[in-house]
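Chains as they are written, first to last, in the numbering used here: chain A, 704 to 897; chain B, 704 to 897; chain C, 704 to 897; chain D, 704 to 897.
We treat Cβ as the ideally placed atom computed from N, Cα and C, and that holds for glycine.
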DNA sequence: AAATAAACGAGACGGTACGTCCCGTCTTAGA
DNA sequence: TCTAAGACGGGACGTACCGTCTCGTTTATTT
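So this is what it looks like as structure tokens:
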């Protein structure tokens, strides 16, 4: 016998409105700058409805990320056969997003959120890695002999994205040339190692 | 000719007490968690004495970093002739610091502070790079022919430290093996490329 | 012709449970202190079942009073022939109820409810007057010549009960001696005035 | 050696502004109806400045009463030699204040506040008694032989004011005739008792 | 017996006010 | 004039209830 409770179910309309308002407010004012009341007002929702389902900003943002409202999850490295080109273009997407003042601020806000919440941190990593697609692309390259068989593909991803993250964290711009250099030298080692 | 002003001069005792209290409070409660009042109380100082000399948390922390109260600045890569070993040991120092729960929390708090303040972000980058010593070590290796002449040493530093930063940001531990793998593969190209 | 509707009728069980829970919660936490949700929970009832039949706290309490759940309505002045004794004993019942800490708190809570609701205020007055029985007793005494023909019996009731009410409102205890003095002096005129 | 603390002293300006705003807001919206934030806004003050010095509404109102902002403390029964007239006029002041819709609401709000706070209840009693002046007037009458030597003057005050309070609590109007009757019959007994 | 529909327990909803915490500024008295 | 102390105006926090609305179930009447 199944035991289910009566009463209204959670309002999907409210949930969407809250997450979308959160994404807008977060993008506009940053992690510290946006307020729960502001989200509630913009979503046309009572503050308690937010606290009923989320414990605070970090959880709220984690769900935004999960729904792809903060970082487009459809983005994914392509596979043209030229691994260096594919990886370079993927990194450029991230670097370009971090190039504008707003984009850099958003990325730093995402990092700020990640520092205070484990789940968000993991999710952000996944999002930045194209939901694992970057690693997949590198594995394909490895299978195709473009990368050394013993190349640590998971760590390659950390190296490349980490460099951009670190540069954003230290408020340095990462332009196309830097991305190209990063990619070329990081992937060269793998070919050379064969 | 020097123009003297009357009255007491800035209290060095208060300055030290404030920075040390800041370092302790920041380490204990994180960037968002510590309060100016808490620092003032622990330092046995009036709140105004803090605001008279610093504009707020970011400046306070920047000075802590400059004084080496948050991140030991005496640390510097050694030069044994074996660049891979030297670099690996340097990265291990960072990775080990980020290994304990407290160390990882501190590093994440530092990142959080960096996201909201440009000057602090730049300082943190410098601190993590051993005040440029990592790049120096790589340049020496390059001069000694251990790294390819065209190796982008500045970016190599970003790659290696960035990887650790990204892993800490995404709440992954970085153990000795990961550090060794990161170092080996990143520097390999330099030998092979010759 | 009667027009029937289908469906269940109002649940008497729920009605009783709600009123009894209201009386307990009100007595325990006072007018401002008790909550509709608390009543619903204690009564094992949905909140809407309360709002379906009552508009809020005042109506709920008015019904409690009408059912004698807050103030025993069976109490009534007796008629021994000695009007002073009968009235004094009646007042003593009220004064004694207001003597204990809990009793005084209850009486003050009743007053608090009366301040915000006219119907409840009128009901409370009636309850305190023994549903008019005090005035009846005085009228009998008047008819028997124990009180002056022109004695304002309705106001005598207000005077005597009002004194106790005022003393309770100002957190003064009203002991047997005070009650005796109040009664003796208030009724004295009636004999003397003949 | 005297031990005194440094730092700013309490702002008298803020204190006055808060009490005056409280009196206005309370009179306008009643005990339940006015809000601390509303008082803070009207007083041009931070909410914390209110909570720093008062624990909540009851304390705030108690101080208002003490400063005569809710109930004019200068009012006092006069002494024309005719005690019945003097007392009647005093009661009329209270009854008239309670006659208008606003006045009755204010008086009931005062009672509501009294029910939840002992100090306020005592203060209200004092205020209604003209800060003891009514009792003084009755004592003078007693000394002059207008009242019986054994008349319980303190209780006479409770009887008379209590009657008005009770009638206000039960939402009955108390007009000039009622006041006159109350006074005449209550004071008559004292003369008659001689 | 089936259909109808109201009352029920439960609880999510949009809101308001609460009392707390901390911000950065201002004020005081002492050294 | 710098200091410790701390009051100030302000803003956001997270909580508690309000009164309304919406579920899915139960139950009494009508068809």
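Taken through DSSP and simplified to helix, strand or coil, residue 775 of chain A comes out as coil. Cβ neighbours of residue 772 of chain D within its own chain (closer than 8 Å, five residues either side excluded): 722, 723, 725 and 726. Here DSSP, grouped into helix, strand and coil, assigns residue 793 of chain D to helix. Distance between residue 879 of chain C and residue 881 of chain D, taken at the CA atoms: about 28 Å. Using a C-beta cut-off of 8 Å, the stretch 816–825 of chain B makes contact with the stretch 860–875 of chain A, since at least three inter-stretch Cβ pairs fall below that distance. Under the DSSP assignment, residue 783 of chain D falls outside any alpha helix (DSSP H); it carries neither an H nor an E label. Relative to residue 828 of chain D, the option among C/865, C/734, C/800 and C/731 whose CA is nearest is C/865. The stretch 766–786 of chain B makes contact with the stretch 828–843 of chain B; the number of CB pairs closer than 8 Å reaches 3 or more.
DSSP places residue 855 of chain B in no alpha helix (DSSP H); its state is neither H nor E. When secondary structure is reduced to three states using DSSP, residue 812 of chain D falls in the helix class.
Distance from residue 868 of chain B to residue 868 of chain A at the Cβ level is roughly 6 Å; contact confirmed, criterion being Cβ atoms closer than 8 Å.
Chain B places no beta carbon closer than 9 Å to that of residue 833 of chain A, leaving this residue out of the contacts.
Burial check for residue 870 of chain C: the Cβ neighbour count within 10 Å reaches 16 or more, so the residue is buried.
Taking 9 Å as the cut-off, the Cβ atoms of residue 768 of chain B and residue 857 of chain B do not count as close. Of all residues in the stretch 710–734 of chain D, only 733 and 734 place a beta-carbon less than 9 Å from a beta-carbon of chain C.
With contact defined as three or more Cβ pairs closer than 8 Å, the stretch 804–816 of chain C and the stretch 726–741 of chain C are in contact. Residues of chain A whose Cβ lies closer than 7 Å to the Cβ of residue 855 of chain B are, in chain order, 884 and 888. Within the model, the alpha-carbon separation for residue 735 of chain D versus residue 763 of chain B is close to 46 Å. Residue contact with chain C for residue 819 of chain D: present (Cβ-Cβ distance below 9 Å to some residue of chain C).
Taken through DSSP and simplified to helix, strand or coil, residue 850 of chain A comes out as coil. Interface flag for residue 861 of chain C against chain D is set, since a Cβ pair is found closer than 9 Å.
At least one beta carbon of chain A lies nearer than 9 Å to the beta carbon of residue 874 of chain B. In this structure, the straight-line span from the alpha carbon of residue 891 of chain B to that of residue 741 of chain B is close to 49 Å.
Proximity of residue 792 of chain C to chain D, defined by a Cβ-Cβ separation below 9 Å, is not satisfied. DSSP places residue 834 of chain D in the coil class of the three-state scheme, outside both helix and strand. 9 Å or more divides the Cβ of residue 765 of chain B from the Cβ of residue 717 of chain B. Looking at B/850, B/790 and B/712, the one whose alpha-carbon comes closest to that of residue 756 of chain B is B/712. Here the C-alpha atom of residue 739 of chain D lies approximately 13 Å from the C-alpha atom of residue 720 of chain D. Within 7 Å of the CB of residue 814 of chain D, the CB atoms of chain C belong to 814, 818 and 872, in sequence order along the chain. If you draw a straight line from the Cα of residue 709 of chain A to the Cα of residue 749 of chain C, it comes to about 11 Å. When 9 Å is used as the limit between beta carbons, residue 825 of chain C is near these residues of chain D: 873, 874 and 875, in chain order.
Taking the beta carbon of residue 866 of chain A as reference, the chain B residues within 7 Å of it are 858, 861, 862 and 865, listed in sequence order. Take the alpha-carbon of residue 737 of chain C and the one of residue 714 of chain C: they are about 23 Å apart.
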